Amino acid sequence: MIKSNKLTDEEIIQKLSLVPKARLDLPDFAILRSKIMDKISRVAEPEKEQRFASYFIGSFRTLRITAGLIGTGLILVSLAMGTAIAALQSSPGQTIYPLKRIVENIELKLTRDESKKANLQLKFAENRVMELEKILEQNEEGRLSNEETQKIVAETVKDLQKTATAAASSPKPKAALVNKLKDLNTKLQTASINTEGEVRLELEKAVEVTKISKEEALQNIERAGLQVESDNPINLDEVTATGKLTAVSDTSISIGAVKFYLSSDTSYVNIKADELKIDLVVSVRGQTKDNKTFALEITLVDSPTSAESQ
Amino acid sequence: MTEEELNISFNKAKSADQEAFARIYDFYSEPIYKFIFFRTGHKEVAEDILSDTFVKAWLKISQVNSAKALSTWLYQIAKNNIIDYYRVRKSQVCLDEVEEFLLEDGASAIDELNLDIEQRKIVDLVASLPKDQQQIIRYRFFEDLTNEEIALLMNKTEGSVRVIQHRAILKLKTLLNRKKKT
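See below:
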């Protein structure tokens, strides 16, 4: 019987396993070990699993605070005024910073009105972006190491994600919210330009988060249809409406069934008069006179093409 | 280190025991260093990335659920650090391009100078395989990574890795047997 010359799978695997491995000039792992352990002893302890309150405790171990049980006022009363103010102006990494977050969360829990809650969330998102800018500045000036910066940026971006998402999913979104999120998105893009590595990746995440939140807020505005609000309950002639343009002519625009007449007194924000067209989402402040509603100010909130191009 | 010793060290390291973490470093430093070196080709760079990898691992070890997941997790951190190294070095390189560099710019994992004729033949044929198959063969046989580690590095399931590896072996068999005929 003639033995087959052909290689079997097992023989191929064996041949592969026997290919000699490269002889590397390995480093002295013991020396590397002591360098690494030295670095480790200088950085923070490993992150522990975080329960809500424990994240904010930091060095305030004597304060047993559970958000929702103690009002903002009580916290401010129990601390020296200077400390409270310092806390609200602090940034991540400072020992007093956890207190700022506690105060924010309690403020949120005590707010019932959905629209005010969304505004608060937006304000907190803005705070996070300002904090990010401060941290990056400190890193540039050498006051914070790259590792510390990356850690703080990662945590701050996580919080930004929560607040921006919460603000955007408000059932009563306002045009101002979309513009604010757009503004935060631009700031984050600018901030990420001079960064590298992990910090840049985290900031890119934040840019994406604000972009998605802005689009969600916009969709909520569109879904909510025309929203007509009277910001000034005393002057019933003043009207503010936000929604998609359904009709545009030289003399008027319509958002659904509401028609606004254009006049020489109409002012335009973020858009020119000749750029008005159907499907743009606008916010219109108007005034009713002689049974007609005139547009006093038209503000472009967003357009289909600007959302796609980002 | 036995599995039990690794488990004990892992649990202690999660509770901020630096000595325990140092034992984890002792266990994994060489394979992780080799993985980094084969992708960067520079000793000093590989040492720096190794150092960053373990410092990061120390900070984030609470995210790992079990000692069994440690090795794949360490490889993931190392891989991300290598990607950052290439992004910084070649600025604005996109992720797909980095995967190419990982094969081109690095060092060879095999002793090219001491291959016999048969081994040279097989190494040349590996280089002619489709990219996925080539990568898995290199990881598995030249770098001694497990299927679990390979799956994580290539963003595939272990099942896919086994299937691709099997196809690679079949392909090599066909090519080698064809060469034997001629």
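Chains S and Y are the protein sequences, given in the same order.
The first sequence runs -4 to 305 under the working numbering.
The second sequence runs 32 to 213 under the working numbering.
In this text, a Cβ means the ideal position worked out from N, Cα and C, and glycines have one as well.
Note that the coordinates shown come from a computational prediction; the quantities given were computed from them, not determined experimentally.
How long is the line joining the alpha carbons of proline 22 (chain S) and asparagine 42 (chain Y), rounded to whole angstroms? Counting from 1 along the first sequence, the entry for residue 22 (chain S) is found at position 27. Counting from 1 along the second sequence, the entry for residue 42 (chain Y) is found at position 11. So the alpha carbons of these two residues sit roughly 28 Å apart.
_Within the continuous beta strand (DSSP E) that includes isoleucine 266 (chain S), where are the two ends?_
Indexing the first sequence from 1 puts residue 266 (chain S) at position 271. From DSSP, isoleucine 266 (chain S) is part of no beta strand (DSSP E); its letter is neither H nor E.
Inset, instruction - Anything in chain Y within Cβ reach of glutamate 143 (chain S), meaning under 9 Å, just list it in chain order. - result: Mapped onto the first sequence, residue 143 (chain S) falls at position 148. Result: empty, since nearest Cβ-Cβ is about 10 Å, beyond 9 Å.
From the DSSP output, read off the bridge partner residues of phenylalanine 255 (chain S). As a working note, residue 255 (chain S) is residue 260 in the first sequence. Beta-bridge pairing links phenylalanine 255 (chain S) to S:Ile248.
Q: For chain Y, find out if any of its Cβ atoms is closer than 7 Å to the Cβ of leucine 176 (chain S); answer yes or no.
A: Within the first sequence, the letter at position 181 stands for residue 176 (chain S). It does not; no Cβ of chain Y falls within 7 Å.
- 6 Å CB neighbourhood of glutamate 224 (chain S) in its chain, flanking five on each side removed: As a working note, residue 224 (chain S) is residue 229 in the first sequence. Reliability of the predicted coordinates at glutamate 224 (chain S) is poor, the pLDDT of 49 falling under 50, and no value is obtained from them.
Verify whether the separation of the beta carbon atoms of lysine 182 (chain S) and valine 277 (chain S) is less than 7 Å.
As a working note, residue 182 (chain S) is residue 187 in the first sequence. As a working note, residue 277 (chain S) is residue 282 in the first sequence. Their beta carbons are not under 7 Å apart, which means lysine 182 (chain S) does not touch valine 277 (chain S) by this criterion.
_Just to confirm my understanding: we take leucine 101 (chain Y), look at its own chain, exclude 5 residues before and 5 after, and list those with CB closer than 8 Å. What are they?_
Here residue 101 (chain Y) is taken as the residue at index 70 of the second sequence, counted from 1. Sequence-distant partners of leucine 101 (chain Y) (beyond 5 residues in either direction) whose C-beta falls short of 8 Å from its own C-beta, in its chain, are Leu37, Phe41, Ile55, Tyr59 and Val95.
Taking C-alpha atoms, which residue in S:Lys200, S:Asp108, S:Ile188 and S:Arg195 lies nearest to lysine 153 (chain S)? Here residue 153 (chain S) corresponds to residue number 158 of the first sequence, with the count starting at 1. Here the closest residue by C-alpha is S:Lys200.
Problem set entry | Chain-ordered neighbours of alanine 53 (chain Y) on chain S, where CB pairs are closer than 7 Å | The residue given as residue 53 (chain Y) occupies position 22 in the second sequence. By Cβ distance, chain S contributes Arg28 and Met32.
query: When the Cα of serine 259 (chain S) is compared with those of S:Glu292, S:Asp285 and S:Lys284, which residue comes out closest?
result: Counted from its first residue, the first sequence places residue 259 (chain S) at position 264. The shortest Cα separation from serine 259 (chain S) among S:Glu292, S:Asp285 and S:Lys284 belongs to S:Glu292.
Discussion item. Strictly under 7 Å for the Cβ-Cβ distance: is aspartate 269 (chain S) near chain Y by that measure?
Written reply: Numbered from 1 along the first sequence, position 274 holds the residue referred to as residue 269 (chain S). With 7 Å as the cut-off, aspartate 269 (chain S) does not count as an interface residue toward chain Y.
Apart from the five residues on each side of it in sequence, which residues of its chain come closer than 6 Å, Cβ to Cβ, to threonine 205 (chain Y)? For the purposes of this step, residue 205 (chain Y) is taken as residue 174 along the second sequence, with counting starting at 1. There are no such residues.
TODO: List the whole-angstrom C-beta distance separating alanine 149 (chain S) from alanine 120 (chain S), where the pair is believed to meet the contact cut-off of C-beta under 8 Å.
DONE: Stepping through the first sequence from its first residue, residue 149 (chain S) is reached at position 154. Stepping through the first sequence from its first residue, residue 120 (chain S) is reached at position 125. Not quite, the Cβ-Cβ distance comes to about 16 Å (not below 8 Å), so this is no contact.
query: Would proline 161 (chain Y) be called buried (16 or more neighbouring beta carbons within 10 Å of its own) or exposed?
result: Within the second sequence, residue 161 (chain Y) is the residue found at index 130, counting from 1. So proline 161 (chain Y) ends up on the exposed side.
Would you identify the three-state DSSP class for glycine 238 (chain S), choosing helix, strand or coil? Translated into positions along the first sequence, residue 238 (chain S) becomes position 243. Glycine 238 (chain S): strand per DSSP, three-state reduction.
Next on the checklist: My output table needs one value for serine 191 (chain Y): the three-state DSSP class, helix, strand or coil.
Outcome noted: For the purposes of this step, residue 191 (chain Y) is taken as residue 160 along the second sequence, with counting starting at 1. It is helical.
Open item on the list: Just to confirm my understanding: we take methionine 32 (chain Y), look at its own chain, exclude 5 residues before and 5 after, and list those with CB closer than 6 Å. What are they?
Closed with: Locating residue 32 (chain Y) in the second sequence gives position 1, counting from the first residue. Correct list, in chain order: Phe58.
Query - Pairwise C-alpha distance: proline 62 (chain Y) and tyrosine 106 (chain Y) - result: Your numbering for residue 106 (chain Y) matches position 75 in the second sequence. Your numbering for residue 62 (chain Y) matches position 31 in the second sequence. Each residue's alpha carbon lies about 9 Å from the other.
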